[in-house]
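Respectively, the protein sequence lines represent chains F and U.
Read in the numbering used here, the first sequence has 378 at position 378, and its numbers run on one by one without any break.
Read in the numbering used here, the second sequence has 310 at position 310, and its numbers run on one by one without any break.
Heads up: the structure comes next, in structure tokens.
Number of protein chains: 2
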Amino acid sequence: MEDFRFVNKTDIRFGKNHIDAELHDAVAQFGQNVLLTYGGGSIKRSGLYERVMKALEGLNVTELDGIEPNPKIDSVREGQRLAKENDIDVILAVGGGSVIDASKVIASAKFYDGDAWDLVADHGVKYRSKLDQLPVVDILTLAATGTEMNPGSVISNPELNAKIGTYGPNTPAVSFLDPQLTYSVSKWQTAAGSIDIFSHLTEQYFDRAENTDISDGMIEGMMRAVIKWAPVALATPDNYDARANLMWASTMALNGLVRSGNVNGWTVHPIEHELSAFYDITHGVGLGILTPRWMKRALSAATVAKFARFGRNVWDIQDADDQVVAEKAIQATYDWVKSLEVPTTLQGVDINDETNFRAMAESAVEIGGLDHEGGYVNLTVDDVVALYQASMTTDGFED
Amino acid sequence: MEDFRFVNKTDIRFGKNHIDAELHDAVAQFGQNVLLTYGGGSIKRSGLYERVMKALEGLNVTELDGIEPNPKIDSVREGQRLAKENDIDVILAVGGGSVIDASKVIASAKFYDGDAWDLVADHGVKYRSKLDQLPVVDILTLAATGTEMNPGSVISNPELNAKIGTYGPNTPAVSFLDPQLTYSVSKWQTAAGSIDIFSHLTEQYFDRAENTDISDGMIEGMMRAVIKWAPVALATPDNYDARANLMWASTMALNGLVRSGNVNGWTVHPIEHELSAFYDITHGVGLGILTPRWMKRALSAATVAKFARFGRNVWDIQDADDQVVAEKAIQATYDWVKSLEVPTTLQGVDINDETNFRAMAESAVEIGGLDHEGGYVNLTVDDVVALYQASMTTDGFED
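Now the structure itself:
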């Protein structure tokens with residue numbers, strides 16, 4: 001087990017309807033000038049917008065709407081301008097990962113006079129880490145990214161075909177997690193979000209660090225919960241316990257805890273980010289396609305024990321042979337993704353030619369350090385090209 | 001899944017030798033006047049005291065030593081006096097649960113002019129919750145209570161035969177968790193600490209709340225880790241990974257996370273606290289004796305599904321019959337306690353007569369609200385007396 005530092009100060013308010021009684025004070029503790037950020041019109045259709053505005057009565061609210069999935073740097077730039085012009089004290093982000101991600105970068109950009117892309121392009125290391133950051137309060141409406149309790153954001157720059165993770169000094173100050181707000185999330189987004197959560201867990205579970213049994217055990221338990229409840233949420237969108245388990249899994253999977261003692265970074269995410277950057281596909285769906293293929297490629301004599309543990313503790317596969325358990329676990333992962341009614345091949349998301357695969361692979365390998373111990377197993381550019389190619393069809397899986 | 005609020009701001013520094021480079025700043029960020037608290041002479045014999053004093057060079061250090069296991073209110077009173085007289089800014093607690101528990105109450109008592117017992121007797125509700133609290137930095141030397149990342153303390157008052165939990169507004173500000181510092185912990189204390197951790201997990205796992213799969217899964221994983229590594233630490237006291245997993249389990253088992261969504265309080269702890277208060281036995285050993293008996297008593301048609309889940313996911317017991325799995329799991333719990341080379345009966349800790357059982361049971365039932373849904377299953381005073389009686393011998397278990 002490796003050394004680590006863990007500190008996470010986000011104040012979680014989990015459960016039904018806490019915003020009505022608690023949102024005003026949660027925001028106003030930081031000041032009177034509020035930048036309210038959100039996406040499209042769904043929060044207006046659902047009535048959430050009105051509840052929020054009622055809770056904010058008496059405060060000065062500036063609005064930034066239209067933040068899109070795979071949030072674009074232009075939204076951050078617009079937020080930067082509004083935050084400066086209106087002397088904003090606190091940001092209230094209402095939405096899913098995209099709205100909250102963009103808001104966290106705006107929170108830093110208020111204190112930066114250059115182009116906001118500078119705060120993303122270097123992952124926040126050089127510029128953003130030295131800046132002050134506005135407090136962000138959020139109301140989460142989609143269980144997926146974990147942004148509600150971590151310092152990360154992923155921002156896209158369409159002009160550069162770039163989708164890059166950036167880290168601020170702070171996590172959100174207060175996060176309201178009301179599972180009821182996800183009742184209206186579509187099957188597609190529910191599936192994608194659940195796969196995203198599951199992928200966060202696999203990325204941290206398959207790590208070169210050894211004897212990390214506390215993290216491993218917590219991850220296995222969360223995986224079992226996500227595997228169990230995602231299909232329930234698909235079948236019964238207003239099942240509170242399904243939505244609650246997925247939402248809390250989203251938060252717990254990526255608040256830093258279960259990576260404690262890990263040594264390497266992620267693999268499937270940087271490979272998927274290229275897909276989303278080039279083709280603007282749904283992030284979680286891309287992860288669901290890539291993950292079983294990555295598992296097949298990562299499985300070897302050196303890793304079979306961990307994959308067998310995954311099979312036994314997560315998928316309850318009983319067999320004495322590690323290799324058998326590992327292979328069944330990978331197939332089970334594929335089957336679970338398929339059961340969530342999303343495509344399991346790249347062709348299923350309309351990626352039909354391989355033109356961009358090498359450029360994408362080169363970028364993923366560089367960003368993830370994938371060829372020099374940046375991930376669980378080393379992958380060269382050729383390996384990643386092969387991974388994209390293997391993701392075109394169902395070959396290699398019982399479908 | 002029930003509503004909950006979760007916020008925990010403790011800054012964890014986990015791993016080898018962080019105190020030498022980081023302790024000074026971790027303390028000095030809060031001020032120059034430090035109250036250094038510790039227990040007996042073990043930190044002097046181990047050389048830790050010298051390392052701490054070197055790190056604190058330049059700061060004004062007042063010392064409070066002699067804080068005993070099952071810390072007494074007199075230590076808190078003495079700390080209160082020293083904190084006031086020396087205008088203390090920050091407390092540095094070096095030790096196990098007892099030293100840190102006492103220090104957290106001293107941190108509140110600095111701002112209270114009455115008798116420090118007032119801050120304990122009412123669990124901190126009326127007086128302590130309204131007081132300011134000095135920041136506490138700690139260096140943990142025993143993996144057991146979880147005090148390093150929670151707001152609780154358990155303080156004894158020998159004059160009243162009372163041992164009561166009290167809660168301050170804050171968790172420790174910074175906790176240094178260096179598993180190497182537990183290499184010298186005796187087999188007895190290692191076993192007791194591991195059982196204490198395991199008991200914290202069972203108290204939260206067996207809860208009336210339903211569909212808390214995230215917490216349940218995390219707990220199951222941590223239980224497996226504790227079951228695995230406690231015997232290793234006993235056999236090989238300087239096995240780093242064993243000590244590291246136990247230490248991180250200690251922290252994670254009781255920092256509030258895995259009780260998220262729970263509805264009721266604890267049962268075995270209040271019942272054990274009476275044993276420690278009346279007989280001053282080692283807390284974890286008392287828990288190890290009581291827990292399997294409590295499980296037998298709690299097992300019923302209403303609870304068998306949860307006990308069977310416990311058996312399958314924690315003890316890997318394969319059987320289709322829930323009742324069979326549940327009973328085997330309880331026996332496995334007993335066997336694990338016994339394997340840690342501690343007594344499994346009250347007679348084994350020199351409690352040979354039943355004189356005090358009714359008074360103890362009355363107190364436990366009142367403090368824990370055990371007869372009106374304070375715990376997982378209701379227990380009357382007669383039930384608790386019977387539980388103490390059943391703990392006298394090995395009857396009912398394969399020994």
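Idealized CB from N, CA, C, for every residue including glycine.
Please read all numbers here as calculations on a predicted model, not as lab measurements.
Contact set for residue i: own chain, Cβ-Cβ below 6 Å, skip 5 residues either direction
i	result
Glu272(U)	Gly286, Leu287 and Leu290
Ser402(U)	Look at the range of chain U in this structure, 1 to 399, and you will see that residue 402(U) is not part of it.
Trp266(F)	Glu203
Phe357(F)	Val385 and Tyr388
Ala308(F)	Asp322, Val325 and Ala326
Ala26(U)	Val137 and Val174
Leu254(U)	Gly146, Asn150 and His200
Met1(U)	Asn211, Thr212 and Gly261
Thr282(F)	Ala192
Ile219(U)	Leu201, Tyr205 and Val258
CB contact flag (residue i, residue j, <9 Å)
i	j	result
Phe397(F)	Gln323(F)	no
Asp101(U)	Thr171(U)	no
Thr333(U)	Met295(U)	yes
Asp216(F)	Gly47(U)	no
Asp350(U)	Tyr279(U)	yes
Leu346(F)	Leu275(F)	yes
Ala361(U)	Asn70(U)	no
Gly348(F)	Ala329(F)	no
Phe30(U)	Leu181(U)	no
Val99(F)	Gly41(F)	no
Asn8(F)	Lys72(F)	no
Trp315(F)	Ile227(F)	yes
Glu341(F)	Lys187(F)	yes
Residue i versus the options, residue with shortest Cα-Cα distance
i	options	result
Leu119(F)	Thr166(F), Gly217(F) and Ser215(F)	Thr166(F)
Ala191(F)	Met392(F), Val337(F) and Ala359(F)	Val337(F)
Asp238(U)	Pro179(U), Gly146(U) and Tyr49(U)	Pro179(U)
Glu203(U)	Gly256(U), Ser156(U), Gln189(U) and Pro169(U)	Gly256(U)
Thr344(U)	Asp395(U), Gly368(U) and Ala308(U)	Asp395(U)
Glu78(F)	Met1(F), Val105(F), Glu2(F) and Ser363(F)	Val105(F)
Met53(F)	Val349(F), Asp20(F) and Trp266(F)	Asp20(F)
Ala326(U)	Ser339(U), Leu346(U) and Ala302(U)	Ala302(U)
Arg400(F)	Leu201(F), Phe278(F) and Asp115(F)	Because residue 400(F) is not part of the residues shown, which for chain F are 1 to 399, the question remains open.
Asp74(F)	Leu387(F), Trp117(F) and Ala55(F)	Trp117(F)
Gly95(U)	Pro158(U), Val185(U), Phe310(U) and Arg312(U)	Val185(U)
Ala230(U)	Ser339(U), Ile219(U), Glu22(U) and Val76(U)	Ser339(U)
Leu379(F)	Phe310(F), Thr282(F) and Pro270(F)	Pro270(F)
Arg293(U)	Ala390(U), Lys44(U) and Thr10(U)	Ala390(U)
Ala305(F)	Asp115(F), Val381(F), Leu370(F) and Tyr205(F)	Tyr205(F)
Asn17(U)	Arg5(F), Ala28(F) and His18(F)	Arg5(F)
Ile367(U)	Glu22(U), Gly284(U), Ala121(U) and Ile227(U)	Ala121(U)
Ala28(U)	Tyr49(U), Ala55(U), Ile43(U) and Arg45(U)	Ala55(U)
Gln80(F)	Gly66(F), Asp115(F) and Lys44(F)	Asp115(F)
Leu64(F)	Glu57(F), Ala83(F) and Val125(F)	Ala83(F)
Ile43(F)	Glu22(F), Asp399(F) and Ile67(F)	Ile67(F)
Phe198(F)	Asn161(U), Asp382(U) and Ile214(U)	Ile214(U)
8 Å CB neighbourhood of residue i in its chain, flanking five on each side removed
i	result
Leu177(F)	Ile12, Arg13, Phe14, Gly15, Leu140, Glu148, Met247, Trp248 and Thr251
Asn33(F)	Leu59, Asn60, Thr62, Asn86, Asp87, Ile88, Asp89 and Val90
7 Å Cβ shell around residue i - same chain, five flanking residues per side excluded
i	result
Asn264(F)	Asp207, Arg208, Glu373, Gly374, Gly375 and Tyr376
Ala233(U)	Thr190, Asn239, Ala242, Arg243 and Leu246
Ala225(U)	Asn245 and Ala249
Ser129(U)	Pro169
Gly97(F)	Leu142, Ala144, Thr145 and Thr147
Asp371(F)	Val365, Asn378, Leu379 and Thr380
Per DSSP, cross-strand counterpart(s) of residue i
i	result
Asp11(F)	Val174(F)
Ile164(F)	Ile155(F)
Leu61(U)	The displayed chain sequence assigns Val, not Leu, to residue 61(U). Answer by DSSP bridge pairing, in chain order: Val34(U).
Ile67(U)	Per DSSP, none; premise fails for Ile67(U).
Ile139(U)	Val94(U) and Phe176(U)
Phe4(F)	Phe14(U)
Listed by chain order, chain C residues near residue i by CB distance under 8 Å
i	result
Phe14(U)	The question asks about chain C, but that chain is absent: this structure's protein chains are F and U.
**Message:** Suppose only complete runs of 3+ residues qualify. What are the beta strand (DSSP E) ranges in the stretch 73-121 of chain F, listed by chain order?
**Reply:** 90-95
**Item:** Continuous alpha helix (DSSP H) assignments of at least 4 residues falling wholly in the stretch 322-397 of chain U
**Value:** Complete alpha helix (DSSP H) runs here, min 4: 322-339, 357-368 and 381-390.
**Prompt:** Mind pulling the alpha helix (DSSP H) runs of 4 or more residues that sit fully within the stretch 180-268 of chain F?
**Reply:** 187-205, 213-235 and 240-253
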